[in-house]
Amino acid sequence: MTRLRLLACLLAGLAGTAQAEITATEAWARATPPGARNGAAYLYINNSGESDRLESVSGKVSERIEIHAHIHADGMMKMERQDGVDVANGTTTFEPGGLHLMLLGLDAPLVAGESFQLVLHFAQAGDRTITVEIRDARQ
Ligand SMILES: [Cu+2]
């Protein structure tokens, strides 16, 4: 009995370390004015396991969703599309002026107080469906 229980513990431990533990928190998007074609969403990705990679994002809120970073080039801030983002153990921050999810070709304006869903596709951890809250643009 004791030996069996020990084996079970070992297996549980192995399974725990082999799997990337990823959660996304505080996902939000800026409310957009009527007629705006594009929006942006921000969040924290918390990884308590091994390094993983956010490969893409999908959702019904817009025609396309891209992962963007802001880079400084020739004294200007530009947005640059990323093929994916490495998410090391710890927190990866998507925030205004930094990494963000670009919502291209919005179906409708993003209205403060409403929310929508996105699916994050990770290389190791698989898919995570998240709820994105829409906040007033001035916040
Ligand atoms: Cu962008």
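Residue numbers (my numbering): 3 to 141. The beta carbon of each residue, even a glycine, is placed where N, CA and C say it ideally should be. None of these values were measured; they are calculated from a predicted model.
Cβ-heavy atom distance, residue i to ligand 1, below 7 angstroms
i: Ala-110; result: no
i: Ala-114; result: no
i: His-74; result: no
i: Met-81; result: yes
i: His-70; result: yes
i: His-123; result: no
Own chain, CB closer than 6 angstroms to residue i, minus 5 neighbours either side, in chain order
i: Met-79; result: His-72
i: Ile-47; result: Ala-26, Val-89, Thr-94
i: Ala-43; result: Ala-31, Leu-103, Val-134
i: Ser-50; result: Glu-23
i: Ile-132; result: Ala-26, Ala-29, Leu-120
Backbone secondary structure at residue i - three-state DSSP
i: Asn-91; result: coil
i: Leu-112; result: coil
i: Asp-85; result: coil
i: Gly-61; result: strand
i: Arg-130; result: strand
Identity of the residues DSSP links to residue i by a beta bridge
i: Asp-76; result: Looking at the DSSP assignment, Asp-76 forms no beta bridge with any residue, so it has no partner.
i: Leu-105; result: Gly-41, Ile-67
i: Ala-125; result: In the DSSP output, where bridge partners are listed per residue, Ala-125 has none listed.
i: Glu-135; result: Trp-30, Ser-117
i: Ser-50; result: Answer by DSSP bridge pairing: none, since Ser-50 is not bridged.
Own chain, CB closer than 7 angstroms to residue i, minus 5 neighbours either side, in chain order
i: Asp-54; result: Ala-22, Ile-24, Val-89, Phe-124, Ala-125, Gln-126, Ala-127
i: Gly-61; result: Ile-67, Phe-118, Gln-119, Leu-120, Val-121
i: Gly-18; result: For Gly-18, the pLDDT reaches just 47, beneath the cut-off of 50, and the residue's location in the model is therefore unreliable, although a value from the coordinates is still provided. Hits under 7 angstroms: none found.
Neighbourhood of residue i by C-beta, 8 angstroms cutoff - its chain only, sequence neighbours within 5 removed
i: Phe-96; result: Ala-43, Tyr-44, Leu-45, Tyr-46, Ile-47, His-102, Leu-103
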